[in-house]
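Engineer: Handing you a structure now.
2 protein chains.
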Amino acid sequence: MPNSAGTPRAQAHEWTATQIVAAINDGTTTCEAVTRSCLERIEAREPIVQAWQYLDRQKAISRARALDRSGHRGPLIGVPVGVKDIIDTCDMPTEYGTPIYKGHRPANDAACVALTRKAGAVVLGKTVTTEFANVHPGKTRNPIDPTRTPGGSSSGSGAAVGDHMVPLAIGTQTTGSTTRPASFCGVFGYRPTWGDLRATRVMEASGSLDTLGILARSIEDVALYRDVLLGVAPQPVSREPYVPRIGFCRTHAWSRLDSTTQTLLEDAAQRLARAGANVADVTLPVQFEQLETAHRVISGFEFARNFTYEIENHWEEISESLRNGRLKDGLSCSYETYVENRLLVERCRTLLAPVFDQYDVLLAASASGEAPVGSDATVNPWVYMIWTTMHVPSLSMPVFRGPHGMPIGLQVIAKRHDDRRLFAASEWINARLI
Amino acid sequence: MPNSAGTPRAQAHEWTATQIVAAINDGTTTCEAVTRSCLERIEAREPIVQAWQYLDRQKAISRARALDRSGHRGPLIGVPVGVKDIIDTCDMPTEYGTPIYKGHRPANDAACVALTRKAGAVVLGKTVTTEFANVHPGKTRNPIDPTRTPGGSSSGSGAAVGDHMVPLAIGTQTTGSTTRPASFCGVFGYRPTWGDLRATRVMEASGSLDTLGILARSIEDVALYRDVLLGVAPQPVSREPYVPRIGFCRTHAWSRLDSTTQTLLEDAAQRLARAGANVADVTLPVQFEQLETAHRVISGFEFARNFTYEIENHWEEISESLRNGRLKDGLSCSYETYVENRLLVERCRTLLAPVFDQYDVLLAASASGEAPVGSDATVNPWVYMIWTTMHVPSLSMPVFRGPHGMPIGLQVIAKRHDDRRLFAASEWINARLI
Numbered sequence: 032m033p034n035s036a037g038t039p040r041a042q043a044h045e046w047t048a049t050q051i052v053a054a055i056n057d058g059t060t061t062c063e064a065v066t067r068s069c070l071e072r073i074e075a076r077e078p079i080v081q082a083w084q085y086l087d088r089q090k091a092i093s094r095a096r097a098l099d100r101s102g103h104r105g106p107l108i109g110v111p112v113g114v115k116d117i118i119d120t121c122d123m124p125t126e127y128g129t130p131i132y133k134g135h136r137p138a139n140d141a142a143c144v145a146l147t148r149k150a151g152a153v154v155l156g157k158t159v160t161t162e163f164a165n166v167h168p169g170k171t172r173n174p175i176d177p178t179r180t181p182g183g184s185s186s187g188s189g190a191a192v193g194d195h196m197v198p199l200a201i202g203t204q205t206t207g208s209t210t211r212p213a214s215f216c217g218v219f220g221y222r223p224t225w226g227d228l229r230a231t232r233v234m235e236a237s238g239s240l241d242t243l244g245i246l247a248r249s250i251e252d253v254a255l256y257r258d259v260l261l262g263v264a265p266q267p268v269s270r271e272p273y274v275p276r277i278g279f280c281r282t283h284a285w286s287r288l289d290s291t292t293q294t295l296l297e298d299a300a301q302r303l304a305r306a307g308a309n310v311a312d313v314t315l316p317v318q319f320e321q322l323e324t325a326h327r328v329i330s331g332f333e334f335a336r337n338f339t340y341e342i343e344n345h346w347e348e349i350s351e352s353l354r355n356g357r358l359k360d361g362l363s364c365s366y367e368t369y370v371e372n373r374l375l376v377e378r379c380r381t382l383l384a385p386v387f388d389q390y391d392v393l394l395a396a397s398a399s400g401e402a403p404v405g406s407d408a409t410v411n412p413w414v415y416m417i418w419t420t421m422h423v424p425s426l427s428m429p430v431f432r433g434p435h436g437m438p439i440g441l442q443v444i445a446k447r448h449d450d451r452r453l454f455a456a457s458e459w460i461n462a463r464l465i
Numbered sequence: 032m033p034n035s036a037g038t039p040r041a042q043a044h045e046w047t048a049t050q051i052v053a054a055i056n057d058g059t060t061t062c063e064a065v066t067r068s069c070l071e072r073i074e075a076r077e078p079i080v081q082a083w084q085y086l087d088r089q090k091a092i093s094r095a096r097a098l099d100r101s102g103h104r105g106p107l108i109g110v111p112v113g114v115k116d117i118i119d120t121c122d123m124p125t126e127y128g129t130p131i132y133k134g135h136r137p138a139n140d141a142a143c144v145a146l147t148r149k150a151g152a153v154v155l156g157k158t159v160t161t162e163f164a165n166v167h168p169g170k171t172r173n174p175i176d177p178t179r180t181p182g183g184s185s186s187g188s189g190a191a192v193g194d195h196m197v198p199l200a201i202g203t204q205t206t207g208s209t210t211r212p213a214s215f216c217g218v219f220g221y222r223p224t225w226g227d228l229r230a231t232r233v234m235e236a237s238g239s240l241d242t243l244g245i246l247a248r249s250i251e252d253v254a255l256y257r258d259v260l261l262g263v264a265p266q267p268v269s270r271e272p273y274v275p276r277i278g279f280c281r282t283h284a285w286s287r288l289d290s291t292t293q294t295l296l297e298d299a300a301q302r303l304a305r306a307g308a309n310v311a312d313v314t315l316p317v318q319f320e321q322l323e324t325a326h327r328v329i330s331g332f333e334f335a336r337n338f339t340y341e342i343e344n345h346w347e348e349i350s351e352s353l354r355n356g357r358l359k360d361g362l363s364c365s366y367e368t369y370v371e372n373r374l375l376v377e378r379c380r381t382l383l384a385p386v387f388d389q390y391d392v393l394l395a396a397s398a399s400g401e402a403p404v405g406s407d408a409t410v411n412p413w414v415y416m417i418w419t420t421m422h423v424p425s426l427s428m429p430v431f432r433g434p435h436g437m438p439i440g441l442q443v444i445a446k447r448h449d450d451r452r453l454f455a456a457s458e459w460i461n462a463r464l465i
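This is how it looks when you write it as structure tokens:
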């Protein structure tokens, strides 16, 4: 905390967004000092981590100074933020992780960026994404162990927050693109209820699955930033004495998780039960086993049509893995198969809804295990596919350590639009597991 | 038809897309001749109709010539198309109906434009939209009576197709922005099942309601263009002997329709019954009366957040009607009210689904009456709100004439994803009413 941590300027990059806002409003520090602290951290660490696709130090400092002069009192005053590079910015390039858009300059900000700036934040720069938020990896490395992947597709957003370069970053999720890097980089990763946060001028991968994502180092920061992106006055996370009803959901993919992860999850469920929570096993209906295929069909069909311009005009500049993966699958898929899978997903959503009459939240895996060595940023998509298709809000919390000391997340899931309850329950759970 | 209509070149602008494709494939005409015919029509009529925000004659002719040389055999070979000016084009400005984006040049094509070009079409230019596809009107006038509105927000797309400037145009719909201009300009207007056609790089007004729209002069053209935009191989409209089961749906807004329109609709239902269709009255559950409010709440909430960049940076350049209308409503709306209304809409969708076990299609009004005199392009939104919130596909057919000889449409509605059945039933209905 600013008041007890020696020279504030040297430490500010380690603070949460909530702490930064408090310190600026107290007069303990300034927007400029916070921004400089984050920029110094980036300067020291970026050669190893490589989280940034674009960074404009001078523009960030100018913006911070202007905020200091203005007396702006927005809910994110002076908070440095990273923005995934598939999200348009009016004053920085947006390259979507592909050489096709090298140096591309959008005319305006995505809605989420404009809301971020309106709240008084300082957009430091653009964070690395995999190619078109698909599988071909970017340059970013895991800040905890650079021989490992940071996870993707929101690789730079996860790594920058995990490495204390910024307290907050925006990502997106179509499969596990926020949950996975959050788990691998040891931060909180939030996927909101599908459809709640506007994605205007955010690259669409697969519209019926895509959401924004938030990477942060505390639950209260996630809740604060979510309200900003929702365009409403921020409300604190509910602190009322509250013991959540928890469903432990292994899913049909349980046997594919690393055995250490299985043990960590089961141990956590037991600890929460001992702490007083009502914890019970939840078995999903058998139809849920088809959701992996459904996700693959839906995302492929939509992705292949969304990128018609690039397919027609830049085929040779698209990676082999994308051409032979999602594009090939999607282009050969019929409308009838696509619709059949969308309807299956809708039936599963209907089946999932009553589960939340019995449970406030569900617990599930955030990853199969630790971030693997190498550059495969989008490993084990099957961990994420079920939950993303369900359109439910989810928070990955960095509560576990794996056999190599790397972080592993725990995923907490709530009912659609019940994101505030998700945060309250996650606070309760987090406090009992760390 | 080309083979029986004198000099093909002089007449080509009156052909449907299907006729153009057939004539080009037959060698009866060329892409260049068709494009020149449309450009001549535009030259003659544009001073009165003003359907075009941007038109590049030379580029269109060059494109048509290149297609003639290439031997391209796409499903829309040589078909001139107009594109609503809220849809990005890589080689033409995209101004979204506002001075804020005067001369704005996107870097790439929207998915729907790229699919259109891939099919061999000639994008002639950009058609006039109301400001941000909201209520502030553009310059376009009704081609049948220029003292009247063409309807909006897809004003130029409706007028250009109605005036035989192009056989096809893309529009969009958030409330009635395709159905209304189709009715007012005497053309077919199709709103697809929500979510089926990708809207990548199409301006989002309200994502949970927005769809693309197609304006055309025949049902087979609508079906053809829908398959192109869906990215699948075109299938002809089913011609099998088929008598549709028709539900006649007056809705709770019936008393607000012009009495002439009421008479026209009731007479049509009787004629279809006499022609052998099973026609019965359908009364919607009482909850449907709340859908007007729900539409207003949802669209306002989403619209106000989507345009944060413009609100923050260009407030003074936004029209008074938008600032004091949808933006004011949306900015003051809480998340709780927004969600409550989304959930109401979802419940109504569930209530509507079983209606389609009994009926192949529903009949409803496409407009309150004829296009009114004046420039109010988005009159009577209540006609459209129910159906747009339901996410069902809809076709407005120009089968009626009002008291002043102006066209009035009949809206035919089918189950979600049942767009092909919608076309087949509409063919049957259209043949019996014209």
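Top to bottom, those sequences are chains X and S.
When you line the first sequence up against the numbering used here, it's residues 32 to 465, in that order.
When you line the second sequence up against the numbering used here, it's residues 32 to 465, in that order.
The C-beta atom is built at its ideal place from N, Cα and C for all residues, glycine as well.
Measure from the C-beta of Glu162 (chain X) to each C-beta in chain S and report whether the shortest distance is under 8 Å.
Structural biologist: If you number the first sequence from 1, residue 162 (chain X) lands on position 131. No, because no Cβ of chain S sits closer than 8 Å to the Cβ of Glu162 (chain X).
Engineer: Cα separation between Gln442 (chain X) and Ala455 (chain X)?
Structural biologist: As a first step, residue 442 (chain X) is located in the first sequence; it is residue number 411 there, counting from the start. As a first step, residue 455 (chain X) is located in the first sequence; it is residue number 424 there, counting from the start. Taking the straight line from one Cα to the other gives about 14 Å.
Engineer: Should Val268 (chain S) and Glu458 (chain S) be called a contact, given that it needs their Cβ atoms to be closer than 8 Å?
Structural biologist: As a position in the second sequence, residue 268 (chain S) is number 237, starting the count at 1. As a position in the second sequence, residue 458 (chain S) is number 427, starting the count at 1. Yes, Cβ-Cβ distance for Val268 (chain S) and Glu458 (chain S) is below 8 Å.
Engineer: Please report the straight-line C-alpha distance between Ile51 (chain S) and Gln321 (chain X), rounded to a whole angstrom.
Structural biologist: As a working note, residue 51 (chain S) is residue 20 in the second sequence. As a working note, residue 321 (chain X) is residue 290 in the first sequence. Straight-line Cα distance between these residues: approximately 44 Å.
Engineer: Identify whether Asn461 (chain X) lies in helix, strand or coil by the three-state DSSP scheme.
Structural biologist: Translated into the one-based positions of the first sequence, residue 461 (chain X) becomes position 430. Three-state result, Asn461 (chain X): helix.
Engineer: What residues are listed by DSSP as bridge partners for Asn309 (chain X)?
Structural biologist: In the first sequence, counting from the first residue as 1, residue 309 (chain X) sits at position 278. Paired residue(s): X:Arg276.
Engineer: Does any CB atom of chain X fall closer than 8 Å to the CB of His135 (chain S)?
Structural biologist: For the purposes of this step, residue 135 (chain S) is identified with residue 104 of the second sequence, where counting begins at 1. Chain X, which has a Cβ nearer than 8 Å to the Cβ of His135 (chain S), makes this yes.
Engineer: Between the alpha carbons of Leu146 (chain X) and Pro438 (chain S), how many angstroms are there, rounded?
Structural biologist: As a first step, residue 146 (chain X) is located in the first sequence; it is residue number 115 there, counting from the start. As a first step, residue 438 (chain S) is located in the second sequence; it is residue number 407 there, counting from the start. When rounded, the distance between both Cα atoms is 44 Å.
Engineer: On the three-pair Cβ rule with 8 Å, is the segment 198 to 205 of chain S touching the segment 382 to 401 of chain S?
Structural biologist: Touching, no, given that fewer than three Cβ pairs across the two stretches are closer than 8 Å.
Engineer: Counting only C-beta atoms, is Glu63 (chain X) closer than 8 Å to chain S at any point?
Structural biologist: Numbered from its first residue, the first sequence carries residue 63 (chain X) at position 32. False, the Cβ-Cβ gap to chain S never drops below 8 Å.
Engineer: Does any residue of chain S bring its CB to less than 8 Å from the CB of Ala384 (chain X)?
Structural biologist: Locating residue 384 (chain X) in the first sequence gives position 353, counting from the first residue. It does not; no Cβ of chain S falls within 8 Å.
Engineer: Ends of the beta strand (DSSP E) at Phe4 (chain S)?
Structural biologist: Because chain S in this structure spans residues 32 to 465, residue 4 (chain S) falls outside the shown range and cannot be described.
Engineer: Whole-angstrom Cβ separation of Ile14 (chain X) and Arg67 (chain X), contact assumed at under 8 Å?
Structural biologist: Missing from the structure shown is residue 14 (chain X); chain X here goes from 32 to 465 and no further.
Engineer: Quick one: which residues of the segment 332 to 353 of chain X get their C-beta closer than 9 Å to a C-beta of chain S? List them in chain order.
Structural biologist: Of all residues in the segment 332 to 353 of chain X, Phe332, Glu333, Ala335, Arg336, Asn337, Phe338, Thr339, Tyr340, Glu341, Ile342, Glu343 and Asn344 have a Cβ within less than 9 Å of some Cβ in chain S.
Engineer: Give the straight-line distance between the Cα atoms of Ile417 (chain X) and Phe319 (chain X), rounded to the nearest whole angstrom.
Structural biologist: As a working note, residue 417 (chain X) is residue 386 in the first sequence. As a working note, residue 319 (chain X) is residue 288 in the first sequence. Going from the Cα of Ile417 (chain X) to the Cα of Phe319 (chain X) covers about 7 Å.
Engineer: Determine the direct distance from the alpha carbon of Val404 (chain S) to that of His103 (chain S), and round the result to whole angstroms.
Structural biologist: Within the second sequence, the letter at position 72 stands for residue 103 (chain S). Within the second sequence, the letter at position 373 stands for residue 404 (chain S). Their Cα atoms are separated by approximately 44 Å.
Engineer: Got a sec: is the Cβ-Cβ distance from Glu235 (chain S) to anything in chain X below 8 Å?
Structural biologist: Within the second sequence, numbered from 1, the residue matching residue 235 (chain S) stands at position 204. Cβ-Cβ to chain X under 8 Å: yes for Glu235 (chain S).
Engineer: What's the gap between the Cα of Thr49 (chain S) and the Cα of Cys69 (chain S)?
Structural biologist: As a working note, residue 49 (chain S) is residue 18 in the second sequence. As a working note, residue 69 (chain S) is residue 38 in the second sequence. Looking at the two C-alpha atoms, the distance is approximately 15 Å.
Engineer: Report the option in S:Gly156, S:Tyr132 and S:Val218 whose CA atom is closest to the CA atom of Met234 (chain S).
Structural biologist: The residue labelled residue 234 (chain S) in the question sits at position 203 within the second sequence. It is S:Tyr132.
Engineer: With a cut-off of 8 Å, does the C-beta of Trp459 (chain S) fall near any C-beta of chain X?
Structural biologist: Stepping through the second sequence from its first residue, residue 459 (chain S) is reached at position 428. Not an interface residue.
Engineer: So that I know if they touch, is there some Cβ in chain S lying closer than 8 Å to that of Asp140 (chain X)?
Structural biologist: What you label residue 140 (chain X) is simply residue 109 of the first sequence in a count that begins at 1. Cβ-Cβ to chain S under 8 Å: yes for Asp140 (chain X).
Engineer: Please name the residue in X:Pro223, X:Val110 and X:Gln42 whose C-alpha comes closest to that of Ala445 (chain X).
Structural biologist: Along the first sequence, read from residue 1 onward, the residue named residue 445 (chain X) stands at position 414. Selected option, being the one with the closest Cα: X:Pro223.
Engineer: Just the chain S side, please: which residues come within less than 8 Å of Arg229 (chain X) by C-beta, in chain order?
Structural biologist: The count along the first sequence starts at 1 and reaches residue 229 (chain X) at position 198. Within chain S, the residues near Arg229 (chain X) are Glu235, Gly238, Glu333, Arg336 and Asn337.
Engineer: Taking Cβ-Cβ distances shorter than 9 Å, what residues in chain X pair up with His448 (chain S)?
Structural biologist: Working through the second sequence from its first residue, we reach residue 448 (chain S) at position 417. Per Cβ cutoff of 9 Å: Tyr366, Val370, Arg373 and Leu374.
Engineer: Could you check which residue in S:Gly226, S:Asp122 and S:Tyr366 has the C-alpha nearest to that of Pro265 (chain X)?
Structural biologist: Here residue 265 (chain X) corresponds to residue number 234 of the first sequence, with the count starting at 1. Here the closest residue by C-alpha is S:Tyr366.
Engineer: By Cβ distance, which residues of its chain are closer than 8 Å to Thr324 (chain X), with the 5 residues on each side in sequence left out?
Structural biologist: Residue 324 (chain X) sits at position 293 when you count from the first residue of the first sequence. Taken in chain order, the residues that qualify are Asn372.
Engineer: Could you tell me which whole beta strand (DSSP E) segments of length 3 or greater appear in the segment 137 to 182 of chain X?
Structural biologist: Runs found: 153 to 158.
Engineer: How far does the beta strand (DSSP E) with Leu243 (chain X) in it reach, from first residue to last?
Structural biologist: Stepping through the first sequence from its first residue, residue 243 (chain X) is reached at position 212. Here the beta strand (DSSP E) through Leu243 (chain X) covers Thr242 to Ala247.
Engineer: What did DSSP end up calling Phe338 (chain S) once you bin it into helix, strand or coil?
Structural biologist: The residue you call residue 338 (chain S) lines up with position 307 of the second sequence. Of the three classes helix, strand and coil, the one that applies to Phe338 (chain S) here is coil, per DSSP.
Engineer: In the DSSP assignment, find the alpha helix (DSSP H) that holds Lys90 (chain S) and state where it starts and stops.
Structural biologist: On the second sequence, residue 90 (chain S) is found 59 positions in, with the first residue counted as 1. Start and end: Arg88 to Ser101.
Engineer: For Tyr134 (chain S), count the other beta carbons within 10 Å of its own beta carbon; 16 or more makes it buried, fewer makes it exposed. Which is it?
Structural biologist: Position 103 of the second sequence, counted from the start, is the residue given in the question as residue 134 (chain S). Reading off the sequence shown, one finds Gly at residue 134 (chain S), where the question assumed Tyr. Answer is exposed; the Cβ neighbour count stays below 16.
Engineer: At a CB-CB cut-off below 8 Å, which residues of chain S make contact with Lys149 (chain X)?
Structural biologist: For this step, residue 149 (chain X) is matched to residue 118 along the first sequence. Within 8 Å Cβ-Cβ: Thr339 and Glu343.
Engineer: Quick check: the segment 278 to 288 of chain S against the segment 303 to 318 of chain S, are at least 3 beta-carbon pairs closer than 8 Å?
Structural biologist: Yes: the two stretches touch, three or more of their Cβ pairs being nearer than 8 Å.
Engineer: Drop a sphere of 10 angstroms on the beta-carbon of Gly307 (chain X), count the other beta-carbons inside from all chains shown, and report buried for 16 or more, exposed for fewer.
Structural biologist: The sequence position of residue 307 (chain X) within the first sequence is 276, counting from 1. When all chains shown are included, Gly307 (chain X) counts as exposed.
Engineer: By the criterion of Cβ-Cβ separation under 8 Å, what are the contact partners of Leu146 (chain X) in chain S?
Structural biologist: Counting from 1 along the first sequence, the entry for residue 146 (chain X) is found at position 115. Those within 8 Å of Leu146 (chain X) in chain S are Arg336 and Thr339.
Engineer: Using the beta-carbon of each residue, which ones in chain X are nearer than 7 Å to Leu393 (chain S)?
Structural biologist: Counted from its first residue, the second sequence places residue 393 (chain S) at position 362. Under the 7 Å cutoff, chain X gives no residues; its nearest Cβ is about 20 Å from Leu393 (chain S).
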